[in-house]
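Reviewing the structure listed below.
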Amino acid sequence: MKKITILGSTGSIGTNTLSIVKHHPNLFKVIALVANKNVTKMLQQCELFLPDWVAMSHEKSANLLRQKLKDRKIKTRVFFGEKAICELASLSEVDQVVAAISGIAGLLPILSAIRAGKTILLANKEALITCGRLFMKALSSSKAKILPIDSEHNAIFQLLPIEMQKNLGDSNLKKYGIKNIILTGSGGPFYDLSLSDLSAVTPIEACSHPNWSMGKKISVDSATMMNKGFEYAEARWLFNALDSEIKIVIHPQSIIHSMVEYHDGSVLAQLSIPDIKIAISYAMNWPNRIYSKIDFLTLLKKKNLSFFEPDLVKFPCLKLTIDAFSEGQAAMIVLNAANEIAVSAFLDFKISFNKIFEVNIATLTSSSFSEPNSIEDILEIDKVSRILAINQVLSLSL
Numbered sequence: 119m120k121k122i123t124i125l126g127s128t129g130s131i132g133t134n135t136l137s138i139v140k141h142h143p144n145l146f147k148v149i150a151l152v153a154n155k156n157v158t159k160m161l162q163q164c165e166l167f168l169p170d171w172v173a174m175s176h177e178k179s180a181n182l183l184r185q186k187l188k189d190r191k192i193k194t195r196v197f198f199g200e201k202a203i204c205e206l207a208s209l210s211e212v213d214q215v216v217a218a219i220s221g222i223a224g225l226l227p228i229l230s231a232i233r234a235g236k237t238i239l240l241a242n243k244e245a246l247i248t249c250g251r252l253f254m255k256a257l258s259s260s261k262a263k264i265l266p267i268d269s270e271h272n273a274i275f276q277l278l279p280i281e282m283q284k285n286l287g288d289s290n291l292k293k294y295g296i297k298n299i300i301l302t303g304s305g306g307p308f309y310d311l312s313l314s315d316l317s318a319v320t321p322i323e324a325c326s327h328p329n330w331s332m333g334k335k336i337s338v339d340s341a342t343m344m345n346k347g348f349e350y351a352e353a354r355w356l357f358n359a360l361d362s363e364i365k366i367v368i369h370p371q372s373i374i375h376s377m378v379e380y381h382d383g384s385v386l387a388q389l390s391i392p393d394i395k396i397a398i399s400y401a402m403n404w405p406n407r408i409y410s411k412i413d414f415l416t417l418l419k420k421k422n423l424s425f426f427e428p429d430l431v432k433f434p435c436l437k438l439t440i441d442a443f444s445e446g447q448a449a450m451i452v453l454n455a456a457n458e459i460a461v462s463a464f465l466d467f468k469i470s471f472n473k474i475f476e477v478n479i480a481t482l483t484s485s486s487f488s489e490p491n492s493i494e495d496i497l498e499i500d501k502v503s504r505i506l507a508i509n510q511v512l513s514l515s516l
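Have a look at this one:
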């Protein structure tokens, strides 16, 4: 039986992970749960899974949860704050840590899990976008493993030889006969719109993804294709890939989640309905598969599977991210911070959709940072970059 800590248990990845645990109580036991401030949902999870430990980001939320658990005679111990969260990420009795805290807040807990030698089911994009070099260096000097659980990288992971799966971040694609990794993306809700029409799209429209059910931030990132740029960066780190070894293809149906092309001409693809539980369940019980309680793909009902090159003129955030990766880790930290500010401003109706790119590139070109050597360096670059981005938003506001 695998013992699990879930960082970000009340979010989408966390709740989907717990649904798999619920259906396989003989395979998994929840030891610890971590959340921001959703006391209601955390209480429900504690009642159902009876974890030994819980940590909330905020003291007020922790105190409220502690009282509610006491009233129900549930013996789960409750803590709060970053230090407690990092301690739960590195518990000696835990085998797997699901890293689903979103944003920069997830960096220190993930690093704690790496240093403790845990198997990390990685959903937090910022870990590799902003901290890839430091994390991979820490990974190489520990017994930890990283298994990706976002759909595209998990699809690629499923298509790799087992020996490469065991050594993510430290393998040579050519050594295993791999020519290219092919990242697929739906293109988001606006792929068929003209460039002129994009300036008038609304936050509600941007959050209406045609295939996936996602949060607002990642939905907007999908609409700008910034998300695909971030996935490119993640793939560079996870699979130790060169720029020339990664291809990006638009696949509107979201049935093929990614592909791997081998030197013998074979192209292996992972197909399924768009449901994140498939990726999560595979990582949880890797290298074996388990029933994930989802609908199965019926190919006979799929009349067309289409593929296109990404339009870098209409969606400049994609190229901006690819170029930023080549500039170094500092540039990626700046871009990630700027994008969070820009997307938030768009969702608040402060800037138009097209101006997300303008905020991003203006912040990136106006900044100059040395490469980070520590988490503290990364957090400082992130902090300053957010201030720069806020100033850009103010200058562009509607």
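With this note's numbering applied, the sequence shown corresponds to residues 119 to 516, in that order.
Idealized CB from N, CA, C, for every residue including glycine.
Because the structure is a prediction, the values reported are computed rather than measured.
1) What does the alpha-carbon distance come out to for the pair residue 212 and residue 122?
2) I'd like to know if the region 209 to 226 and the region 236 to 245 are in contact, where contact means that at least 3 CB-CB pairs between them fall below 8 angstroms.
3) For residue 354, does the count of other Cβ atoms within 10 angstroms reach 16, so buried, or fall short, so exposed?
4) When you compare each of 422, 394 and 423 to residue 410 by their alpha carbons, which one comes out closest?
5) Would you call residue 347 buried or exposed, if buried means 16 or more other Cβ atoms sit within 10 Å of its Cβ?
6) Which residue wins for smallest C-alpha separation from residue 420, given the options 190, 203, 271 and 390?
7) With contact counted as at least three CB pairs below 8 angstroms, one residue from each stretch, are the region 455 to 468 and the region 328 to 347 in contact?
8) Are the region 371 to 383 and the region 274 to 284 touching, with three or more C-beta to C-beta distances below 8 angstroms?
9) My understanding is that residue 452 touches residue 499, with C-beta atoms under 8 angstroms, so please give their C-beta distance in whole angstroms.
10) In whole angstroms, what separates the C-alpha of residue 385 from that of residue 244?
11) Can you check whether the CB of residue 358 is closer than 7 angstroms to the CB of residue 289?
12) In chain order, what residues of the same chain have a beta carbon less than 6 angstroms from the beta carbon of residue 446, not counting five sequence neighbours either side?
13) Under DSSP, the beta strand (DSSP E) around residue 303 begins and ends at which residues?
14) In terms of residues, what are the limits of the beta strand (DSSP E) holding residue 266?
15) Would you mind giving the Cβ-Cβ distance between residue 220 and residue 129, rounded to the nearest angstrom? I have them listed as a contact below 8 angstroms.
16) Distance, Cα to Cα, residue 241 vs residue 507?
Reading from the atomic positions:
1) 6 angstroms
2) yes
3) buried
4) 394
5) buried
6) 390
7) yes
8) yes
9) 7 angstroms
10) 29 angstroms
11) yes
12) 489
13) 296 to 303
14) 263 to 266
15) 7 angstroms
16) 25 angstroms
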